[in-house]
Amino acid sequence: MSNINLDTDPERNPENPETRHAPELAKPGDVSHLSFAEIAAQGHGATRLDPDAPAVLSVDDLKMYFPVKSSGVVRRTIGHVQAVDGISFEVPRGGSLGLVGESGCGKSTTGRLITRLYEPTGGSMHFGEDRVDLAKVSNRAMKPLRRDVQMIFQDPYTSLNPRHTVGSIVGAPLAVHKVVPKDKIKDRVKELLEVVGLNPEHYNRYPNEFSGGQRQRIGIARALTLNPKLLVADEPVSALDVSIQAQVINLLQELQAEMGIAFLFIAHDLAIVRHFCPEVAVMYLGKIVEIADRETIYGSAHHPYTQALLSAVPDVKQAAVGGRRERIRLEGDVPSPINPPSGCRFRTRCHLAQDICAKVEPPLLQIGPRHKVACHFAGELGDAPRTPVTAGLLGVDGQGSPDPSVTPEDIATGPGYEKRWFDVKSRQMVSA
Amino acid sequence: MSSTEPFLVVEDLTVRFPTEDGLVTAVQDLSYSVEKGKTLGIVGESGSGKSVSSMAVLGLHDARTARITGSIRVDGQEVVGLNEAGLRKLRGRQIAMIFQDALAALHPFYKIGGQLAEAYQVHHPKATKREARRKAVEMLDRVGIPQPDRRVDDFPHQFSGGMRQRAMIAMGLINDPSLLIADEPTTALDVTVQAQILDLLQDLQREFNSAVIIITHDLGVIAEMADDVLVMYAGRGVEYGPGKEILTRPQMPYTWGLLSSVPDVRGDTDSKLIPIPGNPPSLLNPPTGCAFHPRCVHSDKVEGDLCVTTMPAFEQGNTGAGHLKRCHLRDPEVIFEREVLPVIAPELLEEK
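Protein chains in written order, with my numbering: chain Y, 3 to 434; chain V, 703 to 1054.
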């Protein structure tokens, strides 16, 4: 047990580890000897999409309503916060789906539902090869499944217990699930610390002795302990400095490639999501408004909210042009999820909104091989149609009133993509 | 008013704090200037001294412990060593600050309107309460708070994050200051709200012709807002010049590192994310020579161990006037174009 009494270790740097320039951070060896070419070779481009990967998780019509209680002695339920209201998506095996949206849109709630930190109000979440419905299993039956679904939290300063050593934090899942004998736990933890780029010798240190980036690595090591199939990463880098963000993103990409872990990547930084996730879902007020592969979302988004979000991201390349970029200005704030607007929830801030948007809720309609959008006026930026594209499908006229002459079509609302889809230009069903 | 000097001039500013472990040099030999109507962006990691240096401009450091040398001139008036009464006249009147966390910066027990009115009355002792309140409503309206005459009686917790930040800006601008320091004004906000706040800052700057300092780590914000950019590392300026120069032809490996560690929302998907290895240094005993050398991946291109032994001078590079850098590299633009750009933004190279 050579590393119990670390304080007498002459190797140990006496200065504050919080601000130490850490050669220990990268794998053993001094970083200053790396040349740019070597560092560049360790960097990664954006993760690629594997279109044929089967789903490891399919979420269908997932709902989470939090009750709102009245004040006073008798606390009656007077309403519900519809934090997540009927969302469907798939996470491919070994792939990653990004979940973006403004604060309060329900993206973190979704993550907590999938890890079953909340019990959903409705819907299903089928997971793994056995297609177990995580929404229905009891807490007891959930325990073995928790090995496969793990979470990385946003804030590395509050998600690690300050009174536990790194060794016991990372080793706790092994002890709880009894996967390795007690005397082997330490070796496995050291292995994991090395995997995430920390010095295994730091087994006995406390979280306060590490910098933010290193703590996030500890959180990642803990999530990896049980070889999960799905990792829910809730804003894993937003609390970190920019230069450290890139280190952690590169690490996650490496782990994904090596261990085949699927990610549900929750973030509000659209550029990071673009880099990490080949598929992206955009949420607004508890609903998915658009979901597609990276190229479609960032290249030809069809929902006015996605377009507005993208136009609001400040761009470094703007320096070459000077001044501000033209943007779609969204007025006002996100409405209250207790009393969401009727019909389309985005209509109160949407520049395309017409009567139909208040009357009929747009379905999440598949409009391309890997592209779904929930908008009556779906179209490319600056090229939105004048009449609702969905009217014929829903059996309503242009103003959203029921039209008896049109029979509504059956629209698939499942989590995956169909072979046939609705083309918004020709307004017909087409297939590949 | 002196006509030749910029509104704010910071010269050789050094800020040291004595701590139990020794003297921490938070800012060292920092010089910059901002003219009226212009925006300076200060970038750097946490602990690089960006906030400490701008707090010194407001005289917010404890005069008993902080050791500040150098010169800070606001409209010709020396701030370093100024007494508390003199500082109080400057603060809020000529210089205002917008803090990052609006919820923490607003007092939770007082109504928004009361806090705004107080800021006005301090510098307008003759103003009546009604005048101050009217001014508060007017400012809330100016920053785009709906129904300002009603919201003026709200408490900070009744405002959303974006509205709080607007209220902070309203408070900062209520006395028409000539210099506004915004310390990470949009970091905690969503992109859509961030865009609204940045628009607002720009509109107000145009209207009042004030000088603005934006402190941020978001290079995108810098690119869209700043006329000049100062990159800080370990308490020192490492690159300083016009924003366009700094972001399109950076000459210092630290700036390259910052650019390469953030993905671009419109860039090539093949462009790689290259982090800066290691962590920022301790300011208690900074590395010898160039403070960045332990993390620099280009120091092998400098002959000998110059980077380890000698602190490079903050001097003009060979690109253009007013572009200062602190680096020993001889031909940084060649390295940037040949080695760095192809990896971090291949599409930019093709355009050239």
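For glycine and all other residues, C-beta sits at the position ideal for the given N, C-alpha and C.
message = What ranges does the beta strand (DSSP E) occupy inside the region 61 to 101 of chain Y, keeping only unbroken runs of at least 3 residues that lie completely in it?
response = 79 to 94
ask   = What residues match up with residue 719 of chain V in a beta bridge as DSSP calls it?
value = V:726
ask   = If we call anything under 8 Å between Cβ atoms a contact, is residue 914 of chain V one with residue 869 of chain V?
value = no
inquiry  = Excluding the 5 residues flanking residue 736 of chain V on each side, which residues of the same chain have their C-beta closer than 8 Å to its C-beta?
reply    = 708, 709, 710, 742, 881, 913, 914, 915, 930
query = In chain Y, what lies closer than 7 Å to residue 864 of chain V by C-beta?
reply = 335
ask   = Between which two residues does the alpha helix (DSSP H) containing residue 272 of chain Y stretch?
value = 272 to 278
ask   = Excluding the five sequence neighbours on either side, which residues of its own chain have a C-beta within less than 6 Å of the C-beta of residue 454 of chain Y, listed in chain order?
value = Because residue 454 of chain Y is not part of the residues shown, which for chain Y are 3 to 434, the question remains open.
ask   = Is there contact between the region 241 to 248 of chain Y and the region 935 to 954 of chain V, where contact requires at least three CB pairs shorter than 8 Å?
value = no
task = Determine the DSSP secondary structure at residue 858 of chain V, reduced to helix, strand or coil.
result = Note: residue 858 of chain V maps to helix in three-state DSSP.
request  = Below 8 Å between beta carbons is the criterion; list the residues of the region 985 to 1013 of chain V that meet it against any residue of chain Y, in chain order.
outcome  = 985, 986, 987, 989, 995, 996, 997, 998, 999, 1000, 1001, 1002
task = Would you kindly work out how many angstroms separate the C-alpha atoms of residue 259 of chain Y and residue 49 of chain Y, rounded to a whole number?
result = 9 Å
Limits of the unbroken alpha helix (DSSP H) element including residue 898 of chain V = 893 to 910
query = For residue 724 of chain V, does the count of other Cβ atoms within 10 angstroms reach 16, so buried, or fall short, so exposed?
reply = exposed
query = Which residues, in chain order, does the region 47 to 64 of chain Y contribute to contact with chain V at a C-beta distance below 8 Å?
reply = 47, 48
inquiry  = Checking 8 Å against the spacing of the C-beta atoms, do residue 129 of chain Y and residue 58 of chain Y come in under that value?
reply    = Going by C-beta atoms, residue 129 of chain Y is nearer than 8 Å to residue 58 of chain Y.
key: is_contact[residue 978 of chain V, chain Y] using C-beta, thresh 8 Å   = yes
message = Looking at the secondary structure, which residues open and close the alpha helix (DSSP H) in which residue 214 of chain Y lies?
response = Its alpha helix (DSSP H) spans residues 214 to 226.
ask   = Thinking just about the alpha-carbon of each residue, which of Y:110, Y:244, Y:297, Y:431 is nearest to the one in residue 394 of chain Y?
value = Y:431
request  = Can you give me, in chain order, the residues of the region 220 to 247 of chain Y that have a beta carbon less than 8 Å from any beta carbon in chain V?
outcome  = 243, 244, 245, 246, 247
inquiry  = Determine, for residue 961 of chain V, whether the minimum Cβ-Cβ distance to residues of chain Y falls below 8 Å.
reply    = yes
message = Checking 8 Å against the spacing of the C-beta atoms, do residue 958 of chain V and residue 1016 of chain V come in under that value?
response = It is not a contact, given that the beta carbons lie outside the stated cut-off.
message = Please state the DSSP three-state secondary structure of residue 363 of chain Y.
response = Looking at residue 363 of chain Y - three-state DSSP - the assignment turns out to be coil, as it is neither helix nor strand.
query = Sorted by chain position, which residues of the same chain lie with C-beta nearer than 7 Å to residue 891 of chain V's C-beta, five sequence neighbours on each side aside?
reply = 863, 864, 867, 899
key: Proximal chain V residues relative to residue 191 of chain Y, where beta-carbon distance stays under 9 Å   = Those do not exist, as residue 191 of chain Y stays about 23 Å from chain V at its closest Cβ, beyond 9 Å.
query = Is any beta-carbon of chain V found at less than 8 Å from that of residue 199 of chain Y?
reply = Between residue 199 of chain Y and chain V, the shortest Cβ-Cβ separation is not below 8 Å.
ask   = Residue range of the beta strand (DSSP E) that residue 773 of chain V falls in?
value = 769 to 776
query = Can a CB atom of chain Y be found closer than 8 Å to the CB of residue 967 of chain V?
reply = yes
key: Touch test, the region 411 to 430 of chain Y against the region 359 to 379 of chain Y, Cβ-Cβ under 8 Å, three pairs minimum   = yes
key: residue 139 of chain Y versus residue 124 of chain Y: straight-line alpha-carbon distance, rounded   = When rounded, the separation of the alpha-carbon atoms in residue 139 of chain Y and residue 124 of chain Y is 13 Å.
Touching by the beta-carbon criterion (3+ pairs, under 8 Å), the region 75 to 89 of chain Y and the region 132 to 146 of chain Y = no
ask   = Does the distance from the CB of residue 367 of chain Y to the CB of residue 413 of chain Y come in under 8 Å?
value = yes
inquiry  = With DSSP as the reference, identify every bridge partner of residue 938 of chain V, one or two as the case may be.
reply    = DSSP output for residue 938 of chain V lists V:935 as bridge partner(s).
task = Quickly, what does DSSP pair residue 404 of chain Y with across the bridge? List them, please.
result = Y:398
query = Under three-state DSSP, which class holds residue 1013 of chain V?
reply = coil
query = Is the Cβ of residue 972 of chain V closer than 8 Å to any Cβ of chain Y?
reply = Cβ-Cβ to chain Y under 8 Å: yes for residue 972 of chain V.
inquiry  = Using C-beta distances below 8 Å, list every residue in its chain close to residue 990 of chain V, excluding the 5 sequence neighbours before and after it, in chain order.
reply    = Exclusion of the five residues before and after residue 990 of chain V leaves 1010, 1011 as the residues of its chain whose Cβ lies within less than 8 Å of its Cβ.
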